[in-house]
Amino acid sequence: MSIAENLSEIKSALPPHVTLVAVSKTKPVTDLMEAYNAGQRIFGENKIQEMTDKWQQMPKDIQWHMIGHVQSNKVKYMIPYVRLIHGVDSLKLLQEINRLAGKWRKKVDCLLQIHIAEEETKFGLNEEELEEMLKQVQHDQEGFENIRIVGLMGMATFTDNQKQIKREFLHLKTIFDKHSHLNTDNCHLTTLSMGMSGDYQLAIECGSNMVRIGSSIFGSR
Numbered sequence: 024m025s026i027a028e029n030l031s032e033i034k035s036a037l038p039p040h041v042t043l044v045a046v047s048k049t050k051p052v053t054d055l056m057e058a059y060n061a062g063q064r065i066f067g068e069n070k071i072q073e074m075t076d077k078w079q080q081m082p083k084d085i086q087w088h089m090i091g092h093v094q095s096n097k098v099k100y101m102i103p104y105v106r107l108i109h110g111v112d113s114l115k116l117l118q119e120i121n122r123l124a125g126k127w128r129k130k131v132d133c134l135l136q137i138h139i140a141e142e143e144t145k146f147g148l149n150e151e152e153l154e155e156m157l158k159q160v161q162h163d164q165e166g167f168e169n170i171r172i173v174g175l176m177g178m179a180t181f182t183d184n185q186k187q188i189k190r191e192f193l194h195l196k197t198i199f200d201k202h203s204h205l206n207t208d209n210c211h212l213t214t215l216s217m218g219m220s221g222d223y224q225l226a227i228e229c230g231s232n233m234v235r236i237g238s239s240i241f242g243s244r
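Under this note's numbering, the residues of the sequence shown are numbered 24 to 244, in order.
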């Protein structure tokens with residue numbers, strides 16, 4: 024099937040409250056444009072340089088999501104255009120995003136990445152670090168006036184064990200629910216980003232309202 028057909032099939036099966044991020048990393052602009060022409064407007068990339076190159080070449084009504092691990096020294100390149108940063112996993116990174124967003128006089132939406140997988144290679148905050156970070160951001164409104172924490176993101180363990188994946192997703196949903204009452208200018212959790220091509224249906228069952236799908240749209244890499 025074509026990219027447009029894949030996209031149509033996935034979108035028709037998604038509940039209305041679930042946002043689809045088309046993960047376009049390593050794919051050429053021609054592939055992205057096929058998805059764009061089929062109506063897709065949200066694309067996720069995991070390398071800032073690649074995302075910036077595509078942003079420069081493509082229509083400006085696209086929402087670009089940074090879904091990969093972010094190095095502080097690269098943040099400046101995406102601040103002018105990025106719509107949502109999924110993988111904020113440290114206070115230092117959040118402070119850098121806030122500082123650079125201030126230079127552009129804009130607010131940048133961020134998701135805090137939570138470590139839910141059993142793999143050590145995955146990035147993310149533990150619950151204690153999350154609590155500490157949320158506390159700091161809320162208590163220092165002026166110090167974080169150029170960012171908005173709008174939700175949480177997590178990646179399950181790469182395994183065929185569906186019970187384990189479900190357990191990890193439900194764990195993240197519990198953490199999300201615990202903090203969803205927060206409502207300040209810079210901290211209001213409404214987005215739960217979990218689920219990729221192999222497990223997004225299970226993620227939605229477990230409460231996800233944003234899924235990151237790549238290979239099921241664009242084919243394997």
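Note that beta-carbon positions come from the ideal geometry of N, C-alpha and C, so glycine has one too.
In this text the structure is predicted, and so the values were computed from the model without any measurement.
For residue i, which beta-bridge partners are listed by DSSP?
i: residue 172; result: 133 and 210
i: residue 87; result: 66
i: residue 148; result: 137
i: residue 227; result: Answer is none; residue 227 lacks a bridge partner.
i: residue 160; result: For residue 160, which the question treats as bridged, DSSP gives no partner whatsoever.
i: residue 215; result: 175
i: residue 291; result: Because the chain is modelled from 24 through 244, residue 291 falls outside the range shown and cannot be assessed.
Roughly how many whole angstroms lie between the Cα atoms of residue i and residue j?
i: residue 134; j: residue 127; result: 20 Å
i: residue 29; j: residue 112; result: 32 Å
i: residue 226; j: residue 218; result: 5 Å
i: residue 87; j: residue 230; result: 23 Å
i: residue 73; j: residue 64; result: 17 Å
i: residue 32; j: residue 43; result: 12 Å
i: residue 119; j: residue 176; result: 19 Å
i: residue 105; j: residue 54; result: 20 Å
i: residue 110; j: residue 24; result: 31 Å
i: residue 66; j: residue 224; result: 19 Å
i: residue 35; j: residue 152; result: 38 Å
i: residue 169; j: residue 162; result: 14 Å
i: residue 46; j: residue 235; result: 6 Å
i: residue 188; j: residue 158; result: 29 Å
i: residue 143; j: residue 79; result: 35 Å
So, at 6 Å on beta carbons, what are the nonlocal neighbours of residue i in its own chain, with the 5 sequence-adjacent residues on each side left out?
i: residue 99; result: 123
i: residue 194; result: 139
i: residue 167; result: 121, 160 and 209
i: residue 61; result: 27 and 30
Figure out for me which residue from the options has the closest Cα to the Cα of residue i.
i: residue 185; options: 34, 46 and 221; result: 221
i: residue 237; options: 39, 158 and 50; result: 50
i: residue 92; options: 76, 84, 68 and 77; result: 68
i: residue 56; options: 76, 41, 26 and 35; result: 26
i: residue 242; options: 48, 75, 142 and 78; result: 48
i: residue 107; options: 40, 71 and 189; result: 71
i: residue 76; options: 36, 198 and 101; result: 101
i: residue 81; options: 52, 94, 95 and 89; result: 52
Excluding five sequence neighbours on each side, which residues of the same chain lie with their C-beta closer than 7 Å to the C-beta of residue i?
i: residue 214; result: 134, 173, 174, 232 and 233
i: residue 103; result: 127
i: residue 84; result: 64
i: residue 164; result: 207, 208 and 209
i: residue 191; result: 139, 140, 179 and 180
i: residue 203; result: 212
Once you ignore the five residues that flank residue i on each side, which residues in its own chain have a CB closer than 8 Å to its CB?
i: residue 156; result: 114, 117, 135 and 148
i: residue 8; result: Any property of residue 8 remains undetermined from this structure, which presents the chain solely from 24 to 244.
i: residue 58; result: 26, 27, 30, 45, 47, 66, 240 and 241
i: residue 41; result: 227, 231, 232, 233 and 234
> At what residue ranges does the segment 85-127 contain a whole run of the alpha helix (DSSP H), taking only runs of 4 or more?
Replying inline: 98-101 and 114-126
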